Amino acid sequence: MDTDLQKYKKQVELFTDDLQALGDLDRSLAAFLVDETECFDDCPEIDKARQLVQEAYQIILDYQTVQLLWVEESSKDE
Numbered sequence: 003m004d005t006d007l008q009k010y011k012k013q014v015e016l017f018t019d020d021l022q023a024l025g026d027l028d029r030s031l032a033a034f035l036v037d038e039t040e041c042f043d044d045c046p047e048i049d050k051a052r053q054l055v056q057e058a059y060q061i062i063l064d065y066q067t068v069q070l071l072w073v074e075e076s077s078k079d080e
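Mapping of the sequence shown onto the numbering used here: residues 3 to 80, in sequence order.
Below, the structure written as structure tokens:
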């Protein structure tokens, strides 16, 4: 595998730590909503933020998957 491809693959794999942090943030927001309010409707701003975090998580996860597949396919072509 090309050195640049190896470096890029490593960088994309490092997204995993960032994704974990987003997952932790989502869990923290959900716990706050459950512990500190009666229901999600009591604090729609925080629930909306939690939904945005979930959407960002999925977008980044999809991007990571596509990029890793691209690296694998590119390395086969060499």
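From the three backbone atoms N, C-alpha and C, an ideal C-beta is built for every residue, glycine too. Here the structure is a predicted model, which means the values were calculated and not measured.
Neighbour-count burial assignment, residue i, 16 or more Cβ in a 10 Å radius
i, result
"K50", "exposed"
"K11", "buried"
"V73", "buried"
When the options are compared against residue i, the one with the closest alpha-carbon
i, options, result
"D28", "Y59, V68, S77, Q69", "Y59"
"D1", "S76, Y10, I62", "Beyond the ends of the chain as shown, which are 3 and 80, falls residue 1; an answer cannot be given."
"Q56", "D26, K9, L70, T18", "D26"
"Q2", "L16, A32, Y65", "Here the chain has residues from 3 to 80 only, and residue 2 is not among them."
"E17", "S76, D6, V68, P46", "According to the sequence provided, residue 17 is Phe. The question's Glu does not apply to it. The residue with the shortest Cα to Cα distance from F17 is V68."
Residue range of the unbroken alpha helix (DSSP H) whose run includes residue i
i, result
"D6", "5-15"
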